[in-house]
Structure formats: C-alpha cells, structure tokens
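Q: This is the structure, below, for whatever I ask next.
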Amino acid sequence: MHTVVIGGGIVGLASAHALAERGVEVTLCEKGSLGAGSTGRSAGGIRAQFSTPVNVALSLASLEVWDAFEERFGVDVAHRRVGYLFLAREEETAERLRENVAMQNELGVPSEFLDPAATAEHCGGLRSDRFAGASYSPTDGFADPDLAVEGYARAARGAGVELRTGTEVTGIRRDGGRVVGVELAGANGDGRIPADYVVNAAGPWARRIGRMAGVELPVAPRRRQMAVVEPERPVPESDPFTIDLDAGSYFRPEDGGAALVGGQWGEDPDADPDRYHEGMDPEQAAAAVERAGEWTTYFGPDSRIRRGWAGLYAVTPDNHPIIEETVPGLITAVGFSGHGFMHAPATGRLVAELACDGEASLVDIGSLGSGRFEKRGETERNVV
Ligand SMILES: Cc1cc2nc3c(=O)[nH]c(=O)nc-3n(C[C@H](O)[C@H](O)[C@H](O)COP(=O)(O)OP(=O)(O)OC[C@H]3O[C@@H](n4cnc5c(N)ncnc54)[C@H](O)[C@@H]3O)c2cc1C
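Here it is as structure tokens:
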C-alpha cells in the first residue's frame, strides 16, 4: 500500500511515521520546510486537562508516546512536567473546572480542583485573590516543538518514509469517487504520485486541500501571537503552564527566569495562511504583558519583550479536530485548534489505523467526523 501525506508539520510527520511502522510505503509532501507551519510556532503545551472525554482520551494516548519519546526516537524533546494550572475568575467557570476534574479523574487523569489560596503552592507569583477556583494536574507540561519535529522526522526516515520538502501538492486525483493520488507543482516529469490513500494533514491549509478533493471542511485559520518576556521578577522554571481562563491569557516558564506570554490578544479570526503577518504586534504584546501583570507579580511596566511571533490555529466550530476517512482514499486529520502538537502522537496512530484496518481503535473517534457539523446544535464544544 502506498500513502501520500500532505503536510510536514507534527501531525503529518506522526502520521507518516505510524503508517510506515505498519508497513505502509509513505511519501510525505511538504511545500516548505518541516515544522515551518503552525508546529514551529506553538507553545509546546502537553496536557490531559480538557472539558470533553474525547480530548482527554487523545491526550492520554499521546502522553504514552511523549513520555517515552527519547527512548523510542533518540531525541530529547525537553518534556517538562511542570503541570498546567487553569484559573477561573467567575464562579460559573470554577464550577465548570470542578466538573471537568471529576470527568478527568474518572478517565485516570490525576487532576485536582483547588481553592484560590492553594494555588500558591504551584505558582508563587499569582495574585490568587483575583480567582474563584482553579484546576491543576501534575502530569501536564510542555516540550520543544522543533525537537519533536526533528525526532519524528528522524524516526519517519528510519522507518522508510520519503520526506519531500519544497514539494507543493496542487491537486488531488480521483477515479470513480475514490482518491487515487496527488498532483505536484512544477511537475519535473514526476508531477503525479499515485496513492492508495492521501492524508490531509495540512493544518491551517486544510480547507484548501479538502477542496482539491471536492470536500468542504469547516476549518478556519485563526492568528494567535506569543511573546518571550523578561519579567520584572524571574518566573521559576518549576512554575506550571498557567492560564487565566476568563481573561484569555497565559504564560509558561522559559529558561533562565523568562516566560512565554500568549493568549487571545490581537486575534485575526480569518487569516490567509499564505499571507498573514507572521511577526508579533509590539503594542498588542506590551498590552498583553501589562494585563498579565494584573494577575501575577512577575510582570510589570519594566518587563522587557525580547521577541515574539504569530502563528495560526486551525479551528473548527466546536474546537475539536476532524479525524476520519472523508471520502474513499482521503484521510483527514485537521482542525486541532490549540491542541495539535500535544495530540499528534495519537492522531498519527489513528490515521494509520484508518488506512490499515479501515477503522480506528486507539481512541473512539466516532464524534470526530466532519458529518457532525451538518447536525447543527448537537456537538459538544470544547471550552477548556
Ligand atoms: C501561538 C500558538 C500556540 C500554540 N500552542 C500550542 C500548545 O501549547 N500545545 C498544542 O498542542 N498546540 C499548540 N498550538 C497548536 C499547534 O501548533 C497546531 O495544532 C499543530 O502544530 C498543528 O500541526 P499540523 O501538522 O496539523 O499543522 P502545521 O504544523 O501547520 O503543518 C501543516 C503543513 O502543511 C503544509 N502544507 C500546506 N499546504 C500544502 C500543500 N498544498 N502541499 C504541501 N504541503 C502543504 C504547510 O506548509 C505546513 O508545514 C499552538 C499554535 C499557535 C499558533
């Protein structure tokens, strides 16, 4: 069996690797360089605290791989298990966190609900009086996305995957309703690759790839920004990935007391993935750091923004991915919102199961088909 994977981000690489491990011949086509899409612009967060069971299941299946990554692939991805701390300002949000924790505990996640005063134990620089409650899980954390790309690329090559960078897919070929291969830009005599399966792992470009196969996927690119900040008081490297849910703001420690500051600032909900502004907007970043100073003692007017960047979430209407065989021969693995880095290991294995077994078994992905958007009002939105 031969499969073409479109996209050399973390999802495409994990899929290519998992397919090759199952004995499939794989060609991965990446129009730019590996990891240069959303993956290299991610904060690298890895967590199992979610508000829906399917996202928790994707996390738990992925964590097994993140935990053994160096052993399996020979690359240390700097996986730091510092925990994630979700903070709620509103009572209603706190109540939701409490319910999430109960559901997560049932599925085996060691998260706990905390009263505001108890958050100091995990994050000393928090102004806990701003909050009504929190949730924390010690097995969450973050890793380095560039190193993860390197690790998966190395493992994929080792398993026999042909990684073709600078190779843009411009068309998807069909025969009698089945997808049978791809067409490439700048055809140098090999402008077509026949395939038994084509995998759409094109992140924010997913909708365009879908259209090449006559499929309309509700996946929109949404611009998000992040800044590397030297705070007024160093952020301890043991601090968790800390999220002020109601304000839509977060930070996590970087090396040497610095921090990554991100959140819903300066969002562009309908960015063009080929033409969006990839840099940080300095004024918006300064305002975001100032706001972070309202709920922590780390940031203030003398904080210095070292650098920053923007990237794209690929979002669906319910913030859950689409993982399915969309039409015969076309497997879709897209729309991961802010969770695609952490969920890539499980997704790769699910893609391989769909191609090799005709159905997925690692995680019940029955709720992740694109058909759910046709039944309006029936999908459960992921809010955390
Ligand atoms: C600011 C920010 C912070 C984030 N933080 C986190 C986080 O903490 N944790 C987390 O899990 N996730 C996070 N995310 C989300 C995460 O980055 C994405 O969900 C994930 O990287 C998606 O990976 P992907 O492989 O699907 O997409 P991408 O990495 O975008 O890869 C898609 C690839 O497809 C290629 N491509 C597109 N069209 C074609 C074509 N026609 N032919 C060939 N190749 C093509 C592109 O060049 C690109 O390299 C964050 C995202 C942003 C923007």
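Residues 409 to 792 in the numbering used here are what the sequence shown lists, from first letter to last.
Cβ atoms here follow ideal geometry from the backbone N, Cα and C, with glycine treated the same way.
Note that the structure is a prediction, hence the values are computed from the model and not measured.
Is the beta carbon of Ile414 less than 8 Å from the beta carbon of Ala609?
A: yes
Q: Starting from the N-terminal side, write out each stretch of the alpha helix (DSSP H) that is 4 residues or longer and does not extend beyond the segment 633-669.
A: If you keep only unbroken alpha helix (DSSP H) runs of at least 4 residues inside the segment 633-669, you get nothing at all.
Q: With a floor of 3 residues, list each beta strand (DSSP E) that falls wholly inside the segment 570-625, ordered by position along the chain.
A: 570-572, 577-583, 586-592, 600-602 and 605-608
Q: Taking the alpha helix (DSSP H) that Arg388 falls in, what are its first and last residues?
A: Outside the shown range of the chain (409 to 792) lies residue 388, about which nothing can therefore be said.
Q: Is the beta carbon of Val464 sitting closer than 8 Å to the one on Ala456?
A: yes
Q: Which residues in the same chain have their Cβ closer than 8 Å to the Cβ of Gly793, if we skip the five residues on either side of it in sequence?
A: Residue 793 lies beyond the residue range present for the chain, which begins at 409 and ends at 792; the question has no answer from this structure.
Q: Indicate whether Leu427 and Thr411 have their beta-carbon atoms separated by less than 8 Å.
A: yes
Q: State the start and end residues of the unbroken alpha helix (DSSP H) segment that holds His751.
A: Gly748 to Asp765
Q: Distance check for Arg449 and Asp678, CA to CA, integer angstroms please.
A: Using only the alpha carbons, I get a separation of about 18 Å.
Q: What did DSSP end up calling Gln457 once you bin it into helix, strand or coil?
A: coil
Q: Does the beta carbon of Leu427 fall short of 7 Å from some heavy atom of ligand 1?
A: no
Q: Here's a check: name, in chain order, each residue in its chain whose Cβ is nearer than 7 Å to the Cβ of Gly674, leaving out the five neighbours to either side.
A: The residues are Gln633, Asp689 and Gln692.
Q: Considering only heavy atoms of ligand 1, does any lie closer than 7 Å to the CB of Ala444?
A: yes
Q: How would you write the range of the beta strand (DSSP E) that Arg715 sits in, first residue to last?
A: Arg712 to Val723
Q: Checking 8 Å against the spacing of the C-beta atoms, do Ser470 and Ala760 come in under that value?
A: no
Q: Exposed or buried, Arg506, counting other C-beta atoms within 10 Å across all chains shown (16 or more means buried)?
A: By the 10 Å Cβ count, Arg506 comes out exposed.
Q: Helix, strand or coil: how does DSSP classify Val697 here?
A: Helix.
Q: Taking 8 Å as the CB-CB cut-off, is Val637 touching chain D?
A: Protein chain content of the structure displayed is limited to a single chain, and chain D is not contained in it.
Q: To the nearest angstrom, report how far apart Ser741 and Glu640 are at their CA atoms.
A: Checking the sequence, you will find Ala at residue 741 rather than Ser. Ala741 and Glu640: Cα-Cα distance of roughly 41 Å.
Q: Is any non-hydrogen atom of ligand 1 found closer than 7 Å to the C-beta of Ala609, if you look at the structure I gave you?
A: yes
Q: To which residues of the same chain is Glu819 closer than 7 Å at the C-beta, ignoring the five residues directly before and after it?
A: This structure does not reach residue 819, given that the chain is present from 409 up to 792, and the question cannot be answered.
Q: Please go through the segment 491-572 and give each complete alpha helix (DSSP H) segment of 4 or more residues, from N-terminal end onward.
A: If we require 4 residues or more, the alpha helix (DSSP H) runs fully inside the segment 491-572 come out as 499-514 and 553-566.
Q: Could you spell out where the beta strand (DSSP E) holding Ile731 opens and where it closes?
A: Ile730 to Val735
Q: Who are the Cβ neighbours of Gly777 in its own chain at under 6 Å, not counting the five residues just before and after it?
A: Glu732
Q: I need the boundaries of the alpha helix (DSSP H) containing His410, first residue and last residue.
A: That residue, His410, is in no alpha helix (DSSP H); its beta strand (DSSP E) goes His410 to Ile414.
Q: Express the C-alpha separation of Arg538 and Gly559 in angstroms, rounding to a whole number.
A: Take the alpha-carbon of Gly559 and the one of Arg538: they are about 41 Å apart.
Q: Determine, using beta carbons only, whether Asp552 and Ala486 come nearer to each other than 8 Å.
A: yes
Q: Where does the unbroken beta strand (DSSP E) through Val434 begin, and where does it stop?
A: Glu433 to Cys437
Q: Return yes when the Cβ of Arg619 is within less than 8 Å of the Cβ of Tyr684, no when it is not.
A: no
Q: Please report how far the alpha carbon of Ala696 lies from the alpha carbon of Gln672, in whole angstroms.
A: 9 Å
Q: Would the beta-carbon of Glu438 be found less than 7 Å away from any heavy atom of ligand 1?
A: yes
Q: DSSP on Leu770, reduced to helix/strand/coil?
A: Leu770 falls in the coil class under three-state DSSP.
Q: So, is Lys439 buried or exposed, given that buried needs 16 or more other C-beta atoms within 10 angstroms?
A: Around the CB of Lys439, 16 or more other CB atoms lie within 10 Å, so the residue is classed as buried.
Q: List the residues that DSSP assigns as beta-bridge partners of Ser745.
A: Ala722
Q: From which residue to which residue does the alpha helix (DSSP H) around His425 run?
A: Ile418 to Glu429
Q: Could you check if Ser657 is buried or exposed, using at least 16 other CB atoms within 10 Å of its CB as the buried criterion?
A: Note on Ser657: 16 or more other CB atoms within 10 angstroms of its CB, so buried under the neighbour-count rule.
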